[in-house]
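In terms of full-length UniProt numbering, the sequence shown opens at residue 1 and continues consecutively.
Every residue gets a Cβ at the ideal spot worked out from N, C-alpha and C, and that includes glycine.
Source: prediction; values computed, not measured.
Comments concern the structure below.
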Amino acid sequence: MLVTTTSNIEGKAITKYVGLVNGEAIIGANLVKDFFTSIKDVVGGHSGAYVQALREAKSIALKEMIDQATRLGATAVIGVDLDYQTIGGNGSMLMVSANGTAVVVE
């Protein structure tokens with residue numbers, strides 16, 4: 001399935017707007033990751049553990065959105081927007097949401 005952040009697909013005609021679709025993922029950051037991230041933040045660089053968690057959450061959210069679009073009979077999702085938030089008492093959870101418009105294209 002074609003997934004794009006744009007509102008149209010070059011060279012393709014949208015024949016039907018199926019509706020809004022979305023997917024969410026919430027991943028907890030464990031204490032070991034938090035500990036090592038704190039050390040990296042002090043000495044510089046980036047946290048590979050958090051980068052991997054972010055990629056995993058994004059992948060899950062996009063897959064859920066695509067699965068929903070497929071069930072609705074769409075052949076593409078346009079206007080995709082990814083949102084990232086930390087939630088929980090101390091920001092211990094990472095939430096990623098993917099939203100877009102499911103369409104049928106020629």
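Residues near L8 in its chain [Cβ-Cβ closer than 8 angstroms; skip 5 each side]: In the sequence under discussion, the amino acid at residue 8 is Asn, which differs from the Leu named in the question. Hits under 8 angstroms: I14 and I78.
Those residues which DSSP pairs with L2 across a bridge: A76
Residues near K16 by beta carbon distance below 6 angstroms, same chain, minus five either side: V104
CB contact flag (L2, T101, <8 angstroms): In this structure, L2 keeps its C-beta atom at 8 angstroms or more from the C-beta atom of T101.
Boundaries (first-last residue) of the beta strand (DSSP E) holding N99: M93 to V105
Element boundaries [beta strand (DSSP E), containing K16]: I14 to G28
Beta carbon of A61 nearer than 8 angstroms to that of A98: yes
Alpha-carbon to alpha-carbon, I26 and K12: A direct Cα-Cα distance of roughly 34 angstroms separates K12 from I26.
Whole-angstrom distance between S92 and V32, CA atom to CA atom: Residue placement at V32 is flagged as unreliable, the pLDDT there being 43, under the threshold of 50; a coordinate-derived value is accordingly withheld.
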